[in-house]
Amino acid sequence: MKIKILYVLVALIAFSTSSFAQKVIIHGFPVQLHANGNYYDFPDYYFYDRPESNYHFVILNGVKRVCYLSIKKEFAALDRVRILLEIKEQTLPWNCYAFNPQFFEVDY
């Protein structure tokens, strides 16, 4: 009986997605967004040099956030703010999640 319980526990741990969840690695320092009417934009000096990544690490109203174009189910526990962000003369809705070291790791 104890062996069956042990096998069940091991199986639950092995198949638990949270036990293997990896943190998202964020590169660089957050950039302060500027409010510009109904949308936000980046400062003039900002150069987005990581086109392979699909996020922006920003400071929005004094809070560090990680912004994505799509809603990320894996961050459902985090505070999410939806903003309009202008990038290269295109204004798109972005989903910005509060930075939390349990979900994100910064590589400066």
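With mature numbering (1 follows the signal peptide of the UniProt record, and there is no 0) applied, the sequence shown corresponds to residues -21 to -1, 1 to 87, in that order. Built from N, CA and C at the ideal position, the CB exists for glycine as well. Quick caveat, the model's predicted, so the values are computed rather than measured.
#1: List the DSSP bridge partners of N79.
#2: Over what stretch of residues does the beta strand (DSSP E) that includes A14 continue unbroken?
#3: Looking only at its chain, what residues have a beta carbon closer than 7 Å to the beta carbon of A77, apart from the 5 residues adjacent to it on each side?
#4: Is it buried or exposed, H35, if we count other Cβ atoms within 10 angstroms and call 16 or more buried?
#5: Measuring alpha carbon to alpha carbon, tell me which of I38, A55, N79 and A14 ends up nearest F8.
#6: Looking at the structure shown, is F26 part of a helix, part of a strand, or coil, going by DSSP?
#7: Taking the CB atoms as reference points, tell me whether N79 and S49 lie closer together than 8 Å.
#8: When burial is assigned at 16 or more other CB atoms within 10 Å of the CB, is Y87 buried or exposed?
#9: Using the Cα positions of residue 91 and K(-20), report the straight-line distance between them to the nearest angstrom.
#10: Does the beta-carbon of F26 have 16 or more other beta-carbons within 10 angstroms, so that it is buried, or is it exposed?
Per the coordinate set shown:
#1: Looking at the DSSP assignment, N79 forms no beta bridge with any residue, so it has no partner.
#2: H13 to N15
#3: V42, R44, L57 and D58
#4: buried
#5: I38
#6: coil
#7: no
#8: exposed
#9: Shown here, the chain extends from -21 to 87; a query on residue 91 therefore has no answer.
#10: exposed
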